[in-house]
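Chains as they are written, first to last, in the working numbering: chain A, -1 to 214; chain B, 300 to 687.
All residues carry an ideal CB built from backbone N, CA and C; glycine is no exception.
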């Protein structure tokens, strides 16, 4: 319990090394991967809350995300060994022509912390790469970000490529990024929009439930 | 591909058209700008927009790559914006966060139909800083392109239209050279290195900025999106941004007018624990103009709302001109009535006494009637404000 508390504090304080050590210590002392994920998720929510209320800014959020990633890296081998149910699988990338990475990385870290398995395709990702990855890992969610209005024009292409591949009804499509707004969801043939990393976690959880026919 | 002689001919045609246009108006856009920057009331509000691709204005004969690499073609697009789309303040710069980095050897790619893209950060580890040299504005990278834009403007529309030039601000340049995430880690683990990097960035900014000032006769705008909240915390702002920006602003003061440049972009002022005090501290950097985005006037997209009239009062007390910016989605989505309503409402709150302008960025695919609505609203905002 003490180690889990140390893990929570290390993430919220953005101390990457302390988070890695606390995760390792908690596992060594018998905490389960599910307990660790729950702690990481709680820390992720706390960071999101602090960001949304103006108690912290992007640098603190970024440091927290790095700490979260360090902890998750310790937990993943255990999850694979003992088999823990994931919150969902996400394929994510910045659209073709867009090399902005920061917001997407935060979303990846927060989703990972919330128990999602995230496959990050990186930046400047063509629509067909999204499709290839969807065929390979069969995610519940495809998430695409666009920072500029020029590159936001690519968002509908991803939905169209998924339709062409016969995959559109098997996944939910989530969009975000600085140049994207909620009004663009129908135009992009998407299912949902998230304005920041903390919101992306809430929206993604709802989308997974919707896909599985549960009440979001 | 359209030739330079044809572009030159078209620009001259546009200049002639502009001369006829301003002859029938009470003052030129340049005279209007001067009044506003002097905190006097001109005939009406001034409106301007930024473009980042020829496609923003439906120009298909110039590629986006040419827009960013060919000063004459870039100027042609800006002149079309002024004469055909009513822009009153065209920008004599493009890609302002990459010019200095490219001039120092940074890899930039220029896609035919998209904005330039920066490769890996030049400073992979702190020791790389020692390898960098302050670039020569007359010869390195696209710095000569930016200087040439200024020269073209002086020959063409310069007597009628104010057109700011620009360079990267010191903190944003540091982010570009080192990478955002790396710089945040450096701030935590090796702040002395960050100060060393910022000293170097100031030298680069001031060298290029002085070349721009000498050529353009106007202090350049400093682009500083990275030093705005929430990209940095107030603590980082006060230690790593404010002193260096202030130094650059002062070094680039125009001795002929006493004015400094604008510092861009919006500062995320609404996110500060005490936004009034934070705005005072931002203004204390000495800039002559400051933008405020729709997000912070209305409180959306993750920002809180500030009191526009009070924001203007604080700016005025510090001799800072305020530029409000409509959000690109507002321009895209409309409807025209909404665009007009916002422009007129903000003018009523902040227009009195001059020192206030209205601006926006034109996104690709914007309906022409939305841009028309923007300018209809701007033109309807006449001084004195109380007569509205």
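Just measuring C-alpha positions, the residue of 526(B), 418(B), 399(B) sitting nearest residue 408(B) is 418(B). Among the residues of chain B, those whose CB is under 9 Å from the CB of residue 61(A) are 483, 484, 487, following chain order.
Near chain A, meaning a CB-to-CB distance below 8 Å, the residues of the region 508 to 528 of chain B are 528.
Taking C-beta separations shorter than 6 Å and ignoring five residues to either side along the sequence, the partners of residue 394(B) in its chain run 367, 415, following chain order. Flagged as an interface residue toward chain B: residue 58(A), by a C-beta distance shorter than 8 Å.
Looking at 52(A), 151(A), 69(A), 75(A), the one whose alpha-carbon comes closest to that of residue 179(A) is 151(A).
Comparing C-alpha distances from residue 536(B) to each of 613(B), 486(B), 466(B) shows the shortest one belongs to 486(B). Per DSSP, residue 175(A) lies in no beta strand (DSSP E) and is assigned neither H nor E. What residue 51(A) touches in chain B, judged by beta-carbon distance under 8 Å, is nothing: the nearest beta carbon there is about 10 Å away. Minimum Cα-Cα distance from residue 663(B) among the listed residues 412(B), 343(B), 328(B), 341(B) corresponds to 412(B). Apart from the 5 residues on each side of it in sequence, residue 113(A) sits with its Cβ closer than 7 Å to the Cβ of 35, 39, 84, 85 in its chain, given in chain order. When Cβ-Cβ separations below 8 Å define contact, residue 74(A) makes no contact with chain B. Interface criterion met: the Cβ of residue 97(A) is under 8 Å from a Cβ in chain B. When C-alpha distances from residue 143(A) are compared across 77(A), 174(A), 157(A), the shortest belongs to 174(A).
Under the 8 Å criterion on CB atoms, residue 357(B) is classed as non-interfacial with respect to chain A. At a beta-carbon threshold of 8 Å, the residues of chain A lying near residue 663(B) are 147, 148, 151, ordered along the chain.
The Cβ-Cβ distance between residue 639(B) and residue 672(B) falls below 8 Å.
Taking a C-beta distance under 8 Å as the contact criterion, residue 374(B) and residue 452(B) qualify as a contact pair.
In the three-state DSSP reduction, residue 403(B) falls in the coil class, being neither helix nor strand. Chain A places a beta carbon closer than 8 Å to that of residue 410(B), counting this residue as a contact.
Closest in alpha carbon position to residue 562(B), among 580(B), 553(B), 584(B), is 584(B). According to DSSP, residue pairing for residue 663(B) in a beta bridge does not occur. The three-state reading of DSSP puts residue 352(B) in coil, since its state is none of H, G, I, E or B.
Close partners of residue 627(B) in chain A (Cβ separation under 8 Å): 147, 177.
Cα atoms of residue 159(A) and residue 131(A): separation of roughly 12 Å, rounded to the nearest angstrom. Using a C-beta cut-off of 8 Å, the region 440 to 459 of chain B makes contact with the region 370 to 388 of chain B, since at least three inter-stretch Cβ pairs fall below that distance. In this model, residue 354(B) and residue 136(A) are separated by some 37 Å (Cα to Cα).
The shortest CA-to-CA distance from residue 677(B) to any of 341(B), 466(B), 318(B) is the one to 341(B).
Listed in chain order, the non-local C-beta contacts of residue 17(A) below 8 Å within the same chain comprise 5, 8, 9, 65, 66, 68, 69, local neighbours out to five positions each way being set aside. Annotated as proximal: residue 471(B) and residue 524(B), with beta-carbon spacing under 8 Å.
Of 347(B), 399(B), 306(B), the smallest CA-CA separation from residue 365(B) is found for 306(B).
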